[in-house]
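>
Residue numbers (full-length UniProt numbering): 1 to 161.
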């Protein structure tokens with residue numbers, strides 16, 4: 001039997017900030033189940049190029065070729081990591097994903113003297129890419145239209161600060 005989830009699962013939200021800002025957090029509130037996999041990117045050149053900010057997935061290695069919850073050191077504190085935190089299907093509504101750009105970064109306590117982290121938090125645009133839906137295991141049901149219509153991404157609030 002053929003897997004019905006062959007329509008595009010990638011959905012992109014892009015927020016243009018209009019100028020350079022120091023971004024300390026990106027927060028999304030869902031009125032659907034949270035995505036099984038999603039990525040947050042930033043641009044420092046008004047959307048011409050994108051740099052990964054954070055990855056979320058139950059399958060970090062498979063989806064993003066990153067280990068789950070890599071240790072952040074001074075040598076890699078300007079790199080995106082992947083975590084399986086906040087990737088549960090439940091709650092089915094009201095789930096939150098909040099990314100703090102400085103959380104766990106060794107130089108955060110001395111931010112004013114860290115050009116690396118100052119660069120890390122600078123963005124002109126933020127892009128969130130939902131890459132994979134959670135399913136209830138009914139991907140191969142006969143009534144695929146009904147099953148397909150029950151899977152969607154729904155964001156009730158996006159905050160960048």
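Where is the CB? At the ideal position from N, CA and C, for every residue including glycine.
According to DSSP, residue 123 sits in a beta bridge with which residue or residues?
According to DSSP, residue 123 bridges with 21.
> Pop quiz: residue 81 and residue 70 are said to be a contact at Cβ under 8 Å. What is the actual Cβ separation, rounded to whole angstroms?
Their Cβ separation, rounded to whole angstroms, is 5 Å, which keeps residue 81 and residue 70 in contact under 8 Å.
> If I follow the unbroken beta strand (DSSP E) through residue 42, where does it start and stop?
First-last of the beta strand (DSSP E) with residue 42: 37-43.
> What residue from 60, 74 and 100 has the CA that sits closest to residue 83's CA?
Residue 83 has its Cα closest to that of 60, out of 60, 74 and 100.
> Would you give the residue range spanned by the beta strand (DSSP E) that residue 56 belongs to?
It spans 51-57 - the beta strand (DSSP E) in which residue 56 sits, taken as one unbroken run.
> Answer with buried or exposed for residue 32, where buried requires no fewer than 16 other C-beta atoms within 10 angstroms of its C-beta.
Residue 32 comes out buried.
> Give the list of continuous alpha helix (DSSP H) stretches no shorter than 4 residues that lie fully inside the region 70-129.
Listed in chain order, the complete alpha helix (DSSP H) runs (minimum 4 residues) inside the region 70-129 are 115-121.
> Using only the alpha-carbon positions, how far apart do residue 112 and residue 119 sit?
Approximately 11 Å, taken between the alpha carbons.
> Quick one: is residue 39 buried, meaning 16 or more other Cβ sit within 10 Å of its Cβ, or exposed?
By the 10 Å Cβ count, residue 39 comes out buried.
> Might you give, ordered along the chain, the residues of its own chain that have their beta carbon closer than 6 Å to the beta carbon of residue 14, omitting 5 neighbours on each side?
If we look at residue 14 and ignore the five residues flanking it on each side, its Cβ neighbours are 127.
> Have a look at the DSSP bridge pairing and note the partners of residue 68.
82.
> From the DSSP output, read off the bridge partner residues of residue 158.
DSSP lists 28 as partners of residue 158.
> Am I right that residue 57 and residue 46 are in contact with their C-beta atoms under 8 Å? What's the rounded C-beta distance?
Incorrect: roughly 28 Å between the Cβ atoms, too far for contact.
> Based on DSSP bridge pairs, tell me the residues matched to residue 132.
Beta-bridge pairing links residue 132 to 37.
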